[in-house]
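Colleague:
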Amino acid sequence: MSVFPTYNRFPLTIESGKGTVVTDDEGNQYLDFVSGIAVCNLGHRPPAVEQAIQEQLGKVWHVSNLYQIPVQQEAAELLTAETNLDYAFFCNSGAEANEAAIKLARKHTGKEKIITFKQSFHGRTFATMSATGQDKVHQGFGTLLPTFEYLPYNDSEAVTEWDGEDTAAIMVEVIQGEGGVVEGTELFLQAVQKKCRETGALFIIDEVQTGIGRTGEPFAYQHFGLDPDIVTSAKGLGSGFPVGAMLGKAELAETFTAGSHGSTFGGNPLASAAVKATLQTIFPKQFLQDVKEKGSYLQQQIKSKLSPIDGVKEVRGKGLMIGIEMDTQAIEFIHKLRGKGLLAVLAGPQVIRLLPPLNVSGEEIDRAVSILEDVLQLEKSSTP
Ligand SMILES: *Cc1c(COP(=O)(O)O)cnc(C)c1O
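What follows is the structure, encoded as structure tokens:
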């Protein structure tokens, strides 16, 4: 009882995990289709990452960013090689990556206003909370940073009509994760990019949840051929080692010069070793091709087996980021799924979100779908 109750915790204590399977303190096993919320993208304790961290543990854990850190350079090169971006800034979380993006956009453009979208989620620090377009996240904290404005998501007209004056940046998620697994349309995302080009605002894409292979591309924006100025990453970046990164175009290096921004821990040798091993495993074409195929298979199984069930409103998502929208509150389903050995997480009150490890097996997918079928069907027959 010594931890602030900022989370409603389920009565589950996970003691160990390997791959997709976790074991609780009573020896019960579960298929983990949460992955620590899109963090353990290679499952629990992936051997390549475990080995890289162990090797680094035996050399040096932390050195200041005042010194050369070759493994951080290598991690940055792996990230930039797979994107249209040139530089990485390392930090420790998604909020910090977005915080860096907000600071960089304001300093680089000399403007203050930042456009974000309703139902977005960008983090819990003061700036990223203000960037988040959800009242429930703001509640009780008084005056927010005044320079954020929220436009409706997937409304390309609202973006086109926005005058864009004084705008430092537009920040958007390609798929709103916390907002309910809502995919951006091509029309909308292209309208955002166009508005940025017309006004000189920086185009920031928050890939904290959608990045690192989750949707079958290194980053989800790559499905749409977009050309962002800044991309933020965290969650899956270190396979569970806490680390975040902001990636940006070369010209932004004129602004983020020595002394302009920093982080004590950001990209330290342990974190960078985890990032390097994670990216070396996930970014190769064949691995991502497998993610696409597993994602299609899971979606197709869910659509054919679950969509016909009463109460299932819509199945959405890309790759291995999937939302099942119910026509009622979904929390009871999350409890019942856990009771039958499947961990899933909410995305908003009515959406069951599935985020399995990217190397989940076909057999594990089949078992998960069969548990979902049982639980959702049971619910239908038990309601009068
Ligand atoms: C989780 C998340 C964040 C915040 O990341 P933290 O590491 O919790 O600070 C920001 N943006 C998106 C899209 C996220 O899903």
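Per the numbering used here, the sequence shown starts with residue 1264, numbered consecutively.
Where a beta carbon is used, it is the ideal one built from N, C-alpha and C, also for glycine.
All of these numbers come straight from a predicted model, not from anything done at the bench.
1) So, are the CB atoms of ASP1492 and LEU1465 less than 7 Å apart?
2) The beta strand (DSSP E) that contains LYS1366, what's its start and end?
3) Roughly how far, in whole angstroms, is the beta-carbon of ALA1537 from the beta-carbon of VAL1506, given that I think they are within contact range, below 8 Å?
4) Quick one: give me the first and last residue of the alpha helix (DSSP H) that ALA1537 is part of.
5) Of the choices ALA1431, LEU1606, SER1502, GLY1479, whose alpha-carbon is the least far from that of GLN1314?
6) Taking ILE1378 as part of the beta strand (DSSP E), name the residues at either end of that continuous run.
7) Can you give the Cα-Cα distance for ILE1316 and LEU1600, rounded to whole angstroms?
8) Between the beta-carbon of GLY1350 and the beta-carbon of LEU1606, is there less than 7 Å?
9) For TYR1293, which beta-bridge partners are listed by DSSP?
10) Count the other C-beta atoms from every protein chain shown that fall within 10 angstroms of the C-beta of LYS1211, then say buried if there are 16 or more, exposed otherwise.
11) Per DSSP, which one or two residues make a beta bridge with MET1584?
12) With a CB to CB cut of under 8 Å and the five nearest residues on each side skipped, what residues in its chain are close to GLY1525?
13) THR1430 lies in the beta strand (DSSP E); which residues open and close that run?
14) For LEU1363 versus ALA1431, is the C-beta distance shorter than 7 Å?
15) Would GLY1386 and ALA1358 qualify as a contact pair, given that the criterion is a beta-carbon distance under 7 Å?
16) Determine the direct distance from the alpha carbon of LEU1275 to that of GLU1375, and round the result to whole angstroms.
17) Quick one, which of PHE1404, GLU1627, ASN1622, ILE1597 has its alpha-carbon nearest GLN1613's?
18) Does the beta-carbon of THR1406 have 16 or more other beta-carbons within 10 angstroms, so that it is buried, or is it exposed?
19) Does the distance between the C-beta of SER1279 and the nearest non-hydrogen atom of ligand 1 fall short of 6 Å?
20) Who are the near neighbours of PHE1296 in its chain, counting only those whose CB is closer than 7 Å to its CB and skipping five residues on each side?
21) Taking the CB atoms as reference points, tell me whether LEU1639 and GLY1476 lie closer together than 7 Å.
22) Check whether the Cβ of VAL1471 sits closer than 6 Å to any heavy atom of ligand 1, and report yes or no.
23) Taking the continuous beta strand (DSSP E) assigned at LEU1617, which residues delimit it?
24) Along the beta strand (DSSP E) that carries GLU1412, what are the first and last residues, could you check?
25) How about VAL1302 and GLY1529: do their beta carbons lie closer than 7 Å?
26) Is LEU1561 near GLY1479, with beta carbons less than 7 Å apart?
27) Whole angstroms is fine: what's the gap from LEU1489's alpha carbon to GLU1514's?
28) Can you tell me which of LEU1533, GLU1446, ILE1378 puts its alpha carbon nearest to the alpha carbon of VAL1323?
29) Can you grab the Cα-Cα spacing for the pair GLU1461 / THR1269, in whole Å?
30) Opposite ASP1490 in the DSSP bridges: which residues?
31) Within its chain, find whatever has a CB closer than 6 Å to the CB of GLY1611; leave out the 5 residues flanking it on each side and keep chain order.
32) Specify the secondary structure class of ALA1315 as computed by DSSP and reduced to three states.
33) PHE1451 to SER1419, Cα distance in whole Å?
34) Provide the residue(s) that pair with MET1509 in DSSP beta bridges, ordered along the chain.
35) Which stretch, first to last residue, makes up the alpha helix (DSSP H) that contains ASP1553?
36) Below 8 Å on the Cβ atoms is my contact criterion, and I expect ILE1585 with ASN1304 to pass it. Report the Cβ-Cβ distance as a whole number of Å.
Modeller: In terms of the structure at hand:
1) yes
2) Segment 1357-1372 is the alpha helix (DSSP H) holding LYS1366; no beta strand (DSSP E) there.
3) 7 Å
4) For ALA1537, the enclosing alpha helix (DSSP H) begins and ends at 1532-1545.
5) SER1502
6) 1376-1380
7) Going by the C-alpha atoms only, they are around 33 Å apart.
8) It is worth fixing the name first, because residue 1350 is Tyr in this sequence and not Gly. Going by C-beta atoms, TYR1350 is not nearer than 7 Å to LEU1606.
9) Answer is VAL1285, bridged to TYR1293.
10) Coverage of the chain is limited to positions 1264 through 1647, which leaves residue 1211 absent and any answer about it impossible.
11) LYS1581, per the DSSP bridge assignment.
12) The residues ASN1328, in chain order, have a CB closer than 8 Å to that of GLY1525 in the same chain once the five nearest residues on each side in sequence are set aside.
13) Annotation: the continuous beta strand (DSSP E) that includes THR1430 extends over 1430-1435.
14) Note that residue 1363 is Ala in the sequence shown, not Leu. Cβ distance not < 7 Å, so ALA1363 and ALA1431 don't count as in contact.
15) yes
16) So the two alpha carbons sit approximately 44 Å from each other.
17) ILE1597
18) exposed
19) Incorrect: SER1279 has no Cβ contact closer than 6 Å to ligand 1.
20) LEU1605, LEU1606, ALA1607, LEU1617, LEU1618, PRO1619, ALA1631
21) Taking 7 Å as the Cβ cut-off, LEU1639 and GLY1476 do not qualify as a contacting pair.
22) yes
23) 1614-1617
24) Judged by DSSP secondary structure, GLU1412 falls within the beta strand (DSSP E) whose first and last residues are 1411-1414.
25) No, the pair does not count as a contact, with Cβ atoms beyond the cut-off.
26) no
27) 18 Å
28) Each of LEU1533, GLU1446, ILE1378 was checked against the Cα of VAL1323, and the nearest Cα belongs to LEU1533.
29) 42 Å
30) Looking at the DSSP assignment, ASP1490 forms no beta bridge with any residue, so it has no partner.
31) GLY1443
32) helix
33) 4 Å
34) PHE1352, THR1495
35) Element bounds for ASP1553: 1548-1568.
36) Between ASN1304 and ILE1585 the Cβ distance is about 14 Å, and since that is not below 8 Å, they are no contact.
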